[in-house]
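Numbering (the UniProt record's numbering), first residue to last: 1 to 416. Backbone N, C-alpha and C fix where the C-beta goes; we use that ideal spot for every residue, glycine too. Reviewing the structure listed below.
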Amino acid sequence: MNKLGEKIKACREAKGWNQKELAERADVSPATVSAVENGRFVPSPDVVHRIAAELGVKFYELAELLLPARVDTALEIGRQLVVDVEFGRVLRIVQDLQEQADLLEYQADELARLEAHVLLFWPESRMQSIETLYALSSKTERAAHADPTFAFRVQNTLGIAWHQNYDFITALHHFTRAKEILSFLPDHGGLLYGRVLYNISDCLRYVGRDEEAITHLEKAIPLFQQEHHFYSVGACYYAIGISLKNLGRMQEAAEACRQSVPWFEKTQNQSSKWFATRARSYASVWNPDLTLDAVARLEEELRELRDRMPPKDVAVTTTRIAKVYLDLHMLAEAKSVLEKVEPLCASLHPCGERAFFLLNYAKYHFAVGDYDSASSYAFEAADLYASLRFFHTDLQECLRVGKEAVYKLREEGACG
Numbered sequence: 001m002n003k004l005g006e007k008i009k010a011c012r013e014a015k016g017w018n019q020k021e022l023a024e025r026a027d028v029s030p031a032t033v034s035a036v037e038n039g040r041f042v043p044s045p046d047v048v049h050r051i052a053a054e055l056g057v058k059f060y061e062l063a064e065l066l067l068p069a070r071v072d073t074a075l076e077i078g079r080q081l082v083v084d085v086e087f088g089r090v091l092r093i094v095q096d097l098q099e100q101a102d103l104l105e106y107q108a109d110e111l112a113r114l115e116a117h118v119l120l121f122w123p124e125s126r127m128q129s130i131e132t133l134y135a136l137s138s139k140t141e142r143a144a145h146a147d148p149t150f151a152f153r154v155q156n157t158l159g160i161a162w163h164q165n166y167d168f169i170t171a172l173h174h175f176t177r178a179k180e181i182l183s184f185l186p187d188h189g190g191l192l193y194g195r196v197l198y199n200i201s202d203c204l205r206y207v208g209r210d211e212e213a214i215t216h217l218e219k220a221i222p223l224f225q226q227e228h229h230f231y232s233v234g235a236c237y238y239a240i241g242i243s244l245k246n247l248g249r250m251q252e253a254a255e256a257c258r259q260s261v262p263w264f265e266k267t268q269n270q271s272s273k274w275f276a277t278r279a280r281s282y283a284s285v286w287n288p289d290l291t292l293d294a295v296a297r298l299e300e301e302l303r304e305l306r307d308r309m310p311p312k313d314v315a316v317t318t319t320r321i322a323k324v325y326l327d328l329h330m331l332a333e334a335k336s337v338l339e340k341v342e343p344l345c346a347s348l349h350p351c352g353e354r355a356f357f358l359l360n361y362a363k364y365h366f367a368v369g370d371y372d373s374a375s376s377y378a379f380e381a382a383d384l385y386a387s388l389r390f391f392h393t394d395l396q397e398c399l400r401v402g403k404e405a406v407y408k409l410r411e412e413g414a415c416g
C-alpha cells in the first residue's frame, strides 16, 4: 500500500465507511477505491478530487502524495490548486516543472499559462501575465490544429486577469469567447462550461445585468454538483444571493445565501470559511423579518474573520451592525456603533466602504431630526459614490436621503 492509499483508507475508516460507500459518494467504482488503497492503481487528479471532497480533506493533502508525477498529471494538479486558491503550492509545481528540460511544446505552453494565472492575482505582476496570455492566444490562433481546451483556458484566464483589473467589459469579451470555444467540444466542456458560466455571471452582475447573471448561475450549479465541486456550488448560490439583493428581492436573497452555507462547509480550502461566515451574516441581515440575530451574526463575522479582514472590511461589517440597529429603530445603539467606527472609516482612501458608512451616518442624523448633518453626510457619500464605478443604486439612495433632508430643512425654515 502506498502513502496515498494509506491516507485514503485512514480517512475512510475515520468516517465509518466501507469501500463501497466511499465509491458511491465519490461516483467512482468500488474496484477503483480498492485498487487505489492497495497501491495497484494511480488515480487521476480528478478522481483524487472527488474522493477528497467526500472525505472532507483538502485536495492538496491527497494530490501531493501523487508527486512527483508525470508532467500532464502535475499540470492537472496545478490547475485544481488554482481553483482552491493554493497559489504557493501551484508556484512550487511550476518551479519543479520549469527545471525539466524535456517538456513538450504543449506542456511548456500550459505551464506558462498556469504561472500567468497565478501571478495575475498580484497587481505588480498582472500586466506581465496579460502579455504572456495574449502571446499564447496569438500562437493558438495561428496554429493549424489548436487544442480547443487549451484555447479555452487561455481566453478564460485572460477574462480572469481583466476581471481582477476591474475591466469587466473586456473580461466579459474573453469569457464569452471562451464559452464559444467550448461549443466545439462534444460535451461543451462539462466542468469547464460551468466555470465560464460562473465567470460570465460575475461580470454581468458588476455591469448591472443581474437577471442574466442569475440565469447563468442556475445553469452552472448542476454541472458543479455532478463533478463534486462543492465550493463552486456554494459560490453560485452566494452570487445568486448578491444579485437578488441588487434586484431588491431580499427574502429570496437571504434564502440563496442560506443555501450556500452547507456547500461551503463541505469544502476544505482557504476561502470556504470566509464565505460560509459571510453568507450566514447576509442571510440574517437581508431577512425581511429582521431581528437582533443579524447583529449576532455580524459580530460573529468580526470575531471569526478578523485576522483575515482588511480595515475596509472591518469598517463595512461594523457599519452593517449600525444599519441593523437603524432599521430596528434602536438609535442609541446605532449612534454608539457609528461613532466607534467613524475614525476607521475616516482613515480609508475614497472607496465604497467609506461611502457606505457616510450614507448610514446620514440616515442616523435624519432619524434623530438633524437634517443639516444628514444632508451633508448624504451628499458627501453621493460625491464619493459618483467617483466610483458600479455603485449606481447606492448613489441614488444617497441622493434620496440628501434631498429629503433638504426638504425637511426647508419645511422647518418655513415654519420658523
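- Would you check if the distance between the CB atom of Gln80 and the CB atom of His49 is smaller than 7 Å? Working through the sequence shown from its first residue, we reach residue 80 at position 80. Working through the sequence shown from its first residue, we reach residue 49 at position 49. In this structure, Gln80 lies near His49, with their beta-carbon atoms less than 7 Å apart.
- Query: Looking at the C-beta of Leu111, does it have a partner C-beta in chain B at a distance below 7 Å?
  - Reply: Considering every chain present, this structure includes no chain B. It has just one protein chain.
- Item | Local conformation of Leu122 per DSSP, three classes | The sequence position of residue 122 within the sequence shown is 122, counting from 1. The residue asked about is misnamed: residue 122 is Trp in this sequence, not Leu. Coil.
- Message: Checking 7 Å against the spacing of the C-beta atoms, do Tyr371 and Lys408 come in under that value?
- Response: Counting from 1 along the sequence shown, the entry for residue 371 is found at position 371. Counting from 1 along the sequence shown, the entry for residue 408 is found at position 408. Closer than 7 Å, so yes.
- Query: DSSP three-state call for Met1: helix, strand or coil?
  - Reply: As a first step, residue 1 is located in the sequence shown; it is residue number 1 there, counting from the start. Residue confidence for Met1 is low, a pLDDT of 48 falling below 50, so the modelled location carries little weight; the figure read from the coordinates is stated next. Note: Met1 maps to coil in three-state DSSP.
- Return the first residue and the last residue of the alpha helix (DSSP H) that Ala216 is part of. Position 216 of the sequence shown, counting from 1, holds the residue named residue 216. Sequence inspection shows His at residue 216; the Ala mentioned does not correspond to that position. Here the alpha helix (DSSP H) through His216 covers Asp210 to Gln226.
- Using beta-carbon positions only, say whether Arg113 and Val154 come within less than 7 Å of one another. For the purposes of this step, residue 113 is taken as the residue at position 113 of the sequence shown. For the purposes of this step, residue 154 is taken as the residue at position 154 of the sequence shown. A contact, by the Cβ cut-off of 7 Å.
- Got a sec? Which residues, its chain only, sit under 6 Å from Glu227 by beta carbon, not counting five neighbours each side? Residue mapping note: residue 227 aligns to position 227 of the sequence shown, counting from 1. Within the same chain, Cβ atoms closer than 6 Å to the Cβ of Glu227 are found at Leu191, the five residues on either side in sequence being excluded.
- Could you say if the segment 319-328 and the segment 285-305 meet the contact criterion of at least three C-beta pairs nearer than 8 Å? Yes: the two stretches touch, three or more of their Cβ pairs being nearer than 8 Å.
- Pick from Leu223, Met250 and Cys257: whose alpha carbon is nearest that of Ala239? Reading the sequence shown from its first residue, position 239 is the one you call residue 239. Among Leu223, Met250 and Cys257, the Cα nearest to that of Ala239 belongs to Cys257.
- Query: Thinking C-beta only, is Ala178 closer than 7 Å to Phe150?
  - Reply: Here residue 150 refers to the residue found at position 150 of the sequence shown. Here residue 178 refers to the residue found at position 178 of the sequence shown. No, they are not a contact pair.
- Query: Could you give the distance in angstroms between the alpha-carbon of Leu119 and the alpha-carbon of Arg278?
  - Reply: Residue mapping note: residue 119 aligns to position 119 of the sequence shown, counting from 1. Residue mapping note: residue 278 aligns to position 278 of the sequence shown, counting from 1. For Leu119 and Arg278, the gap between their C-alpha atoms comes out near 27 Å.
- Task: Would you mind giving the Cβ-Cβ distance between Leu103 and Ala74, rounded to the nearest angstrom? I have them listed as a contact below 8 Å.
- Result: Walking along the sequence shown from the start, residue 103 turns up at place 103. Walking along the sequence shown from the start, residue 74 turns up at place 74. Not confirmed; about 11 Å, so no contact.
- Query: Under 7 Å between the Cβ atoms of Glu301 and Thr317?
  - Reply: Against the sequence shown, residue 301 aligns to sequence position 301. Against the sequence shown, residue 317 aligns to sequence position 317. It is a contact, given that the beta carbons lie within the stated cut-off.
- Message: I'd like to check one pair, Phe168 with Tyr206: are the Cβ atoms closer than 7 Å?
- Response: Locating residue 206 in the sequence shown gives position 206, where the first residue counts as 1. Locating residue 168 in the sequence shown gives position 168, where the first residue counts as 1. Yes, these two residues count as a Cβ contact at 7 Å.
- Task: Between the Cα of Ser243 and those of Lys403, His216 and Leu55, spot the shortest distance and give me the residue it belongs to.
- Result: In the sequence shown, residue 243 corresponds to position 243, counting from 1. Checking every option, the nearest Cα to that of Ser243 belongs to His216.
- Measure the alpha-carbon distance for Asn156 versus Leu55 and round it to whole angstroms. Residue mapping note: residue 156 aligns to position 156 of the sequence shown, counting from 1. Residue mapping note: residue 55 aligns to position 55 of the sequence shown, counting from 1. Whole-angstrom Cα-Cα distance: 30 Å.
- Item | Separation of Gln396 from Lys340, as counted between CA atoms | Stepping through the sequence shown from its first residue, residue 340 is reached at position 340. Stepping through the sequence shown from its first residue, residue 396 is reached at position 396. Cα-Cα distance, rounded: 26 Å.
- Fully enclosed by the UniProt domain "HTH cro/C1-type" (8-62), which alpha helix (DSSP H) runs are 4 residues long or longer? 19-26, 30-37 and 45-55, all fully within the UniProt domain "HTH cro/C1-type" (8-62).
- Message: Taking the straight line between their C-alpha atoms, what separation do you get for Ala31 and Lys15?
- Response: For the purposes of this step, residue 31 is identified with residue 31 of the sequence shown, where counting begins at 1. For the purposes of this step, residue 15 is identified with residue 15 of the sequence shown, where counting begins at 1. The alpha-carbon atoms of Ala31 and Lys15 are separated by roughly 19 Å.
- Can you name, in chain order, every residue of its own chain whose Cβ lies under 8 Å from the Cβ of Trp17, other than the five neighbours on each side? Translated into the one-based positions of the sequence shown, residue 17 becomes position 17. The answer, listed in chain order, is Arg25.
- Query: When you compare only the Cα positions, how much space is there between Phe366 and His329?
  - Reply: By 1-based counting over the sequence shown, the position of residue 366 is 366. By 1-based counting over the sequence shown, the position of residue 329 is 329. For Phe366 and His329, the distance between alpha carbons rounds to 12 Å.
- Item | Closest Cα partner of Ala382 within the set Ser373, Val401 and Gly369 | Within the sequence shown, residue 382 is the residue found at index 382, counting from 1. Ranking the options by Cα distance to Ala382, first place goes to Val401.
- Item | Element boundaries [alpha helix (DSSP H), containing Arg89] | Here residue 89 is taken as the residue at index 89 of the sequence shown, counted from 1. Element bounds for Arg89: Phe87 to Gln98.
- Task: Return the chain-ordered list of same chain residues with a C-beta closer than 7 Å to the C-beta of Val337, the five sequence neighbours on each side being excluded.
- Result: In the sequence shown, residue 337 corresponds to position 337, counting from 1. Around Val337: Thr318, Ile321, Ala322 and Tyr325.
- Message: Between Lys7, Tyr166, Phe391 and Glu61, which has its C-alpha nearest Val36's C-alpha?
- Response: Counting from one through the sequence shown, the residue named residue 36 turns up at place 36. Here the closest residue by C-alpha is Lys7.
- Expressed to the nearest angstrom, what Euclidean distance is found between the alpha-carbon atoms of Arg12 and Leu62? Here residue 12 refers to the residue found at position 12 when the sequence shown is read from its first residue. Here residue 62 refers to the residue found at position 62 when the sequence shown is read from its first residue. If you take the alpha carbons of Arg12 and Leu62, they lie about 13 Å apart.
- Query: Could you give the C-beta distance for Leu359 and Ala378, rounded to a whole number, given that I count them as a contact under 8 Å?
  - Reply: The count along the sequence shown starts at 1 and reaches residue 359 at position 359. The count along the sequence shown starts at 1 and reaches residue 378 at position 378. Rounded, the Cβ-Cβ distance is 7 Å, consistent with contact.
- Task: Enumerate in chain order the residues of its own chain whose CB-to-CB distance from Leu290 is below 7 Å, with the five nearest sequence positions on each side excluded.
- Result: Here residue 290 corresponds to residue number 290 of the sequence shown, with the count starting at 1. Counting only Cβ-Cβ distances below 7 Å, and skipping sequence neighbours, we find Val324, Asp327 and Leu328.
- Task: Go through its chain and collect everything with a Cβ distance to Pro311's Cβ below 8 Å, but skip five positions before and after it.
- Result: Position 311 of the sequence shown, counted from the first residue, corresponds to residue 311. Answer for Pro311: Leu344, Ser347 and Leu348, listed in chain order.
- Tell whether a beta-carbon distance below 7 Å holds between Ala220 and Cys236. Mapped onto the sequence shown, residue 220 falls at position 220. Mapped onto the sequence shown, residue 236 falls at position 236. Closer than 7 Å, so yes.
- Between Gly159 and Ala171, is the Cβ-Cβ spacing less than 7 Å? The residue labelled residue 159 in the question sits at position 159 within the sequence shown. The residue labelled residue 171 in the question sits at position 171 within the sequence shown. Note that the C-beta distance between Gly159 and Ala171 is below 7 Å.
- Task: Report all residues from its chain with a CB closer than 8 Å to the CB of Met1; omit the five preceding and five following residues, and keep chain order.
- Result: Here the question's residue 1 lines up with position 1 in the sequence shown. At Met1 the pLDDT is 48, less than 50, meaning the model places this residue with poor confidence; the figure from the coordinates comes in the next sentence. Lys9, Glu37, Asn38 and Gly39, listed in sequence order.
- Got a sec? Which residues, its chain only, sit under 8 Å from Pro148 by beta carbon, not counting five neighbours each side? Walking along the sequence shown from the start, residue 148 turns up at place 148. A distance below 8 Å between beta-carbons, with the five flanking residues on each side excluded, links Pro148 to the following residues of its chain, in chain order: Ile181, Leu182, Phe184 and Leu185.
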